[in-house]
Every structure is written in structure tokens, then in C-alpha cells.
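Step one of this worksheet: look at the structure below.
There are 2 protein chains.
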Amino acid sequence: MTDKIDLQQVRAYLLDLQTRITGALNSMDPTPFVIDPWEKPPGEKLQGNGITQILEGGPLFERAGCGFSHVTGPQLPPSATQHRPELAGAPFEAMGVSLVFHPRNPHVPTVHMNVRMIAAKPPGQDPVAWFGGGMDLTPYYGYEEDAVHFHSVCRRALEPFGQDLYPRFKIWCDSYFRNLHRNEQRGIGGIFFDDFSELGMLRSFEMMQSVGDALLKAYLPIVQRRMDTPWNAHQRDFQLYRRGRYVEFNLVWDRGTHFGLQSGGRTESILLSMPPEVRWSYQRQDPPGSQEARLLSHFLVPRDWV
Amino acid sequence: MTDKIDLQQVRAYLLDLQTRITGALNSMDPTPFVIDPWEKPPGEKLQGNGITQILEGGPLFERAGCGFSHVTGPQLPPSATQHRPELAGAPFEAMGVSLVFHPRNPHVPTVHMNVRMIAAKPPGQDPVAWFGGGMDLTPYYGYEEDAVHFHSVCRRALEPFGQDLYPRFKIWCDSYFRNLHRNEQRGIGGIFFDDFSELGMLRSFEMMQSVGDALLKAYLPIVQRRMDTPWNAHQRDFQLYRRGRYVEFNLVWDRGTHFGLQSGGRTESILLSMPPEVRWSYQRQDPPGSQEARLLSHFLVPRDWV
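Structure follows, in C-alpha cells:
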């Protein structure tokens, strides 16, 4: 069986995924996305282009960014070839879709999803590709039912590709999306994988597609269930405070963000993930037994949800 | 001439400085500081204690944190002994005062100041100490007069110790407080120095004291001049947006913050510097010629202010 990957097909999938996702969001919040195609100026070491889509100030979503990017470079970075010494220094392409949606209502959780491919193109040979991505959910007010739903969809998306994948990627997610300086999970997790090609390229690509396709199934039913829940100023304040943790994770720990900003990536596209409004306050303590305290004790700890 | 340093004297200076500064702030904004003494739990590698003082939600200051900390460790980190191989692995003490004040009124700038000492204590020998610190100002609406005043006080504080110090430390500050991923200065700068002992220990300690003592002279007259300037919702929005840059600098680039969070420092004390409320929005563009655009073109570029 041949296991050749067509990079144009990956690109087409990702662009279509971006369109489907932003379209689905607009069916719930009609605020138009700003659609911002960009191209890296010629002469820089990395070449590339992308389409940033972002909706700001909507009634349902306060800030919802979904970006596609596609870069090519003359030489794989050493970190990418640790396990593939034979590809060291080869030209490469990397492409992906990345999104973070920040809803206005504190009862609706924030979601993050990313699917990406990196391909080495050794001269005179077929490309060698591997995949990464995942999705995770960050509630401000915890609902068990939502966490179970989100994880069930994640599990279902991976099931056709192997029974072991969901448990492995679930643990990987828990260990990645963690504010170590707070000893706190960022959210209730989901799935995360990187550097993945163990099913062969084509089947691994199919798995990545299955994850990308699952985002709307995992997230929209939760939005629908919570979007009409009334909220008050106290809950809004808690949401803004918890968003600070999101910022801390992304700017301090997230390797993609950090590396992107420090290596000359497109700042405004990388920082799509920032919440629209955030608060910090000193040593906030919520009363034991409050919903706010329960978020930490019952949701922001690694748990088996399904 | 003997050049012995008494570490208890450094500690006493720093604690007194903290008290003087928070006292002076309270003469302008009577909101009480929360005074939070802390101690590292025994058994951790770094031992230490500190006093965090923070005022939140005042009429003049929305968040003003001023922390003292004093840690001791069994072994100097390698980064501290690059230029002093003879001290590698020696036990050490580090202490300092660090502050960030975030005013409510967008016409009043944010200020940051830090003074610190690190001392190696090779067994059976006198301690060897060096000093670091500085102060810098971050306006949201630029006033030349304020920038000139701030830099003049910085220069005056260093003048008795050498004519070359202000120019050197001013450039050092400009190159440090820079959001490289935005190609933007964090503010209008000030002075910054690190690893400083070239005047001898005692005289270098005096210089550090002169910098610490200068903070109130550099900052309070600016607060007094701007605190009654009326402001509107547009200006408030710009302030919250610019505060995002402060967060980005501190979490992405500031070595102290980053290292502190990643190495098990006291999170809430390190993150005193975070603004109380922040906004992000995609590719904000202010009209050319507006006061907001002028901040970037005229103030957030390295300039000779005095």
C-alpha cells in the first residue's frame, strides 16, 4: 500500500475546516469575522501565508479567532528532527488551523483547537509528514455534563484509529495544559498529540481530520446549552479573573506561542488566543463550597471524564 | 579602605525603602495596603521570606504592588557566576524590593522600580556582593515634560557615582524593556543595571540606594501633575489595550518574571506587576496624528530625554 501524502490536499482540508468552523459560529453569533489574508514579506527566512479570521465584540462571542497558516523554510529546525536524524536540515512545510473562542457568558467555556502538519521535503524524495493538534476546554463555571460530552466526542473521534489513542492523548493534554506555577490545570483538558505518524502518513492525516471535524460536535452543543444561562457581575468578575490564567499559560508555558513570538512569527495572529478582557487581583480566595471554589477543586484537576 | 558589606544593613535599607514608598503612596491614595508577610516552607531548596504589600481598587491607584523578598540558597546558579568562576557553587543570599504601580487615570503613567543585591558567601570568607535594578516609566498618554523629569531624576541619582553611568544605564534600559515581537519599547525607559560592583561593594550599594531613594522624586510629581486630568471612555480603552503590552513584556520577555515562575518562585508576589484590568483587540490602529498614535511614534522609541 502506498503511503504518499499530497500536501495540497492537507492545505485544502485545513482551509475548508476553517471556513466550516467560522461559518458554524456565525450561525450562532452573526457578528462578521474580519477575514485577514496575510503573506510574509519576501526576503525573510521563513516564507508563508495565512488567513486570520477573527470576530470581536459579538453578543455571544467576545473574541473568537481562527487562523490558518502555511509556512515553508529551507531547513527543519533541530527540534523537529531529534527522532529523524535522516531528515536533518531538509526543507520543510508546516501548516495548521488554530482557534480560541472566548464567549461573553461566564457559563459558556472557552475552547481551543489546533490541527497541524509538518512535512520534510528531502531533495528528490517524497515528503515525509507528521501531525499534531488536539482540543481542550476551559470552563469558568464547571458542569460535569459538559466535560463528559466534550471528552466523549474526543474519544469518539479517535476510536476508529485505535483504542489506546484517547487515553494516551487525554493524559498528554492534562500534562501539557497546566499552569505549573499555580499547580493548576488550565481547564478540563481534552486531547493533545504531537509528532504523530505512527499510523502511516495517510491514516495519521485521517486521524487529524477526525479531530478537526470533531470540534463543532464537541463544542457547539455546550454553547447551546449554556448561552442563555443568566449571569451576574460577580460571575463576570470571576470569568475575567480566570482568563488571567489563560493569559499566563499562553505567554509563559505554551511552547507554540512563546516560540512563535520569539522567532518572528506574526504577532497578531499568534495572539488571537488572548482574551478580550482580563483582570488580575492578589490572592483571590473564593469561599469553600462556592461554585468558584468548586471549579478548582472539582474541574481543574486531572479526572477521568468518560 | 575596607570594602566589607553588611548584609543586614542591606536588608534594613530595603525594608525601610518599602515602608517609605508605600507610606508616600498612601499620602496620595489612602486605600490601605494589604501587608502580607510570607515565608518559604522548610524543605524547599531555596529558603526565604518576604513582605508583599499591595493596594487594590483605590481611587488613584488601581493596583500598586511593592514587594520585599530575601532568599538564600546553597549554591549560586551557574548564570550568576559566569564572570566569577571562583564563586561557582558558593552559598548565596539575594534580596530586593520590586514595585509596579498601575494608576487608574490613563494620563498617569505606570512605573516600575527594582533594587536588588546578590551576595555569594564562600565558606570562611567575607561575602561578595553585586547589585542590580533601575526604574522605568510607561505612559499611556505621552507628556514630554514628564519624560524629561523622570530621566532628569534618574540622571541626578547616578551623577555622584560617575558621569558615564546614566548614559550607560539609560541605553541598557531601552534595550531591556522592549517588546521585540512588536518592535516597540515598553515605555519611555529610565535606567537599568545588573551585576554591578565596579565601584566596590560599599559604593555600589550606595549607588543602589540612591536609585531606590530617587523613585518617589521621579514619580510622585508626575502623578500630582496628571491625576486631575479628566479622562473619557476612549482613553480608558486605550489604556487597557496598552496594558496588554505590559503583560506581554512581563510574561514573554522579562527574565526575572519568567525565571521566577518557572523555578518555583512565589507566584502571587511575582505577578504583582500584572495590571488589574487589561484588553486585547486585533490589530488596533489609531488615526495618524491622534494622541494614541503619537504615543507610539514619539514616546515608545528610544530618545534622549535629558
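Chains as they are written, first to last, in the working numbering: chain Z, -12 to 293; chain X, -12 to 293.
Glycine included, C-beta positions come from ideal geometry on N, C-alpha and C.
Query                                                                                                                                                                                                : Result
Who are the neighbours of V288 (chain X) on chain Z, taking C-beta pairs under 8 angstroms?                                                                                                          : Per Cβ cutoff of 8 angstroms: no residues; V288 (chain X) is ~18 angstroms from chain Z at best.
Taking Cβ positions, are S85 (chain X) and G54 (chain X) nearer each other than 8 angstroms?                                                                                                         : yes
Could you say if the stretch 135 to 153 of chain X and the stretch 170 to 178 of chain X meet the contact criterion of at least three C-beta pairs nearer than 8 angstroms?                          : yes
Could you check where the alpha helix (DSSP H) with G231 (chain X) kicks off and where it finishes?                                                                                                  : 220 to 235
Select from Z:F183, Z:V98, Z:H94, Z:Y128 the residue whose C-alpha is nearest the C-alpha of G120 (chain Z).                                                                                         : Z:F183
Answer with yes or no whether the minimum CB distance from T68 (chain Z) to chain X is below 8 angstroms.                                                                                            : no
Once you ignore the five residues that flank D113 (chain Z) on each side, which residues in its own chain have a CB closer than 6 angstroms to its CB?                                               : K(-9)
Going by the beta-carbon positions, is the gap between V21 (chain X) and S260 (chain X) smaller than 8 angstroms?                                                                                    : no
If you count every other CB in all the chains shown that lies within 10 Å of the CB of P126 (chain X), and 16 or more means buried, which is it?                                                     : buried
Evaluate contact between the stretch 236 to 249 of chain X and the stretch 266 to 274 of chain X, counting only Cβ atoms and requiring at least three cross-stretch pairs below 8 angstroms.         : no
For T59 (chain Z), write down the residues that DSSP places opposite it in a beta bridge.                                                                                                            : Z:Q34, Z:E80
Taking the alpha-carbon positions, what's the Q34 (chain Z) to P28 (chain Z) distance?                                                                                                               : 8 angstroms
I'd like to confirm the pairing. Which residues does DSSP put opposite Q(-4) (chain X) in its beta bridges?                                                                                          : Beta-bridge pairing links Q(-4) (chain X) to no other residue.
For G37 (chain Z), which of Z:P275, Z:A(-1), Z:F156 has the nearest alpha-carbon?                                                                                                                    : Z:A(-1)
By the 8 angstroms beta-carbon criterion, what residues does the stretch 226 to 238 of chain Z contribute toward chain X?                                                                            : L227, G231, V234, E235, L238
Could you compute how far the alpha carbon of P262 (chain Z) sits from the alpha carbon of V265 (chain X)?                                                                                           : 9 angstroms
Count the CB pairs spanning the stretch 280 to 289 of chain X and the stretch 73 to 83 of chain X that are closer than 8 angstroms, and state whether there are at least three.                      : no
Which of the three DSSP states is assigned to W267 (chain Z) in this structure?                                                                                                                      : coil
If we define contact as Cβ-Cβ less than 8 angstroms, is Q214 (chain X) a contact residue for chain Z?                                                                                                : According to the sequence provided, residue 214 (chain X) is Met. The question's Gln does not apply to it. Taking Cβ atoms only, chain Z never reaches closer than 8 angstroms to M214 (chain X), which makes this a no.
Using only CA atoms, which one of X:R169, X:V210, X:R281, X:P208 lies nearest to Q249 (chain Z)?                                                                                                     : X:R169
Quick check on DSSP: helix, strand or coil for F192 (chain X)?                                                                                                                                       : helix
Beta-carbon separation of A107 (chain X) and L(-6) (chain X) under 8 angstroms?                                                                                                                      : no
Taking only three categories from DSSP, how would you classify W292 (chain Z)?                                                                                                                       : coil
Need the endpoints of the alpha helix (DSSP H) that C243 (chain Z) sits in, please.                                                                                                                  : Position check: residue 243 (chain Z) holds Gly in this sequence, whereas Cys was assumed. Looking at the DSSP string, the run of the alpha helix (DSSP H) that includes G243 (chain Z) is 242 to 249.
Which residue or residues does DSSP assign as beta-bridge partners of T125 (chain X)?                                                                                                                : X:T97
To which residues does DSSP link R103 (chain X) through a beta bridge?                                                                                                                               : X:G83, X:G119
Since I believe A116 (chain X) is in contact with M188 (chain X) (beta carbons under 8 angstroms), could you give me their beta-carbon distance rounded to a whole number of angstroms?              : 5 angstroms
Can you tell me which of the three DSSP states P90 (chain Z) falls into?                                                                                                                             : strand
Can you have a look at S56 (chain Z) and say buried or exposed, based on whether 16 or more other CB atoms are within 10 angstroms of its CB?                                                        : buried
Just how far apart, CA to CA, sit V293 (chain Z) and N92 (chain Z)?                                                                                                                                  : 26 angstroms
Let me make sure I understand the geometry here. Which of Z:Q40, Z:V58, Z:P61, Z:Q62 has the alpha-carbon closest to that of G52 (chain Z)?                                                          : Z:Q40
In terms of residues, what are the limits of the alpha helix (DSSP H) holding F179 (chain Z)?                                                                                                        : First-last for F179 (chain Z): 176 to 183, but that is the beta strand (DSSP E), not the alpha helix (DSSP H).
Say whether chain X places a C-beta atom closer than 8 angstroms to the C-beta of H245 (chain Z).                                                                                                    : yes
The alpha helix (DSSP H) with P109 (chain Z) in it runs from where to where?                                                                                                                         : Neither: P109 (chain Z) is in no alpha helix (DSSP H) and is coded neither H nor E.
Might you give, ordered along the chain, the residues of its own chain that have their beta carbon closer than 6 angstroms to the beta carbon of L312 (chain Z), omitting 5 neighbours on each side? : Residue 312 (chain Z) lies beyond the residue range present for chain Z, which begins at -12 and ends at 293; the question has no answer from this structure.
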